[in-house]
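Student: Numbering (my numbering), first residue to last: 1111 to 1227. Take this structure, written in structure tokens, and hold onto it; I'll ask about it next.
What follows is the structure in structure tokens.
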């Protein structure tokens, strides 16, 4: 198993020569990269998960979230293989908010109001 976790994206690395991580940790790494690189979300003020999300749909979770999103405020959520996966942002992450046509940055105080594009 990898001995090291990247502090920025929480990717695992450091496998010993000949050690396999493809079926476990590498899958997690690739899903995480797909979820957060070139980050664009559909919405950031949807309080509960949509009824029929598509795989690959991404959202920013608001403070008043309910249901499966309850307690996950400020996180990026992505639908992968019919399951919600959650990612805690780091300071400096940029995100395009599709329904607002705004670019937002994650700061120590949370996601910024945004910059119109």
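Glycine included, C-beta positions come from ideal geometry on N, C-alpha and C. Bear in mind that the values here come from a model prediction, so they are computed numbers and not experimental data.
#1: Going by DSSP, which residues form a beta bridge with residue 1220?
#2: What are the start and end residues of each continuous alpha helix (DSSP H) run of 4 or more residues lying completely inside the stretch 1158-1182, in chain order?
#3: For residue 1221, which of 1116, 1173, 1114 and 1139 has the nearest alpha-carbon?
#4: Is it true that the CB of residue 1195 sits closer than 7 Å to the CB of residue 1152?
#5: How far does the alpha helix (DSSP H) with residue 1146 in it extend, from its first residue to its last?
#6: What would DSSP say about residue 1126, mapped onto helix, strand or coil?
#7: Rounded to the nearest angstrom, what separates residue 1203 and residue 1177 at their Cα positions?
Tutor: Short version:
#1: Bridge partners of residue 1220: 1217.
#2: If we require 4 residues or more, the stretch 1158-1182 turns out to have no alpha helix (DSSP H) run fully inside it.
#3: Closest option to residue 1221, Cα to Cα, is 1173.
#4: Not a contact, by the Cβ cut-off of 7 Å.
#5: That run of the alpha helix (DSSP H) goes 1135-1146.
#6: Three-state result, residue 1126: coil.
#7: Their backbone Cα atoms lie some 26 Å apart in a straight line.
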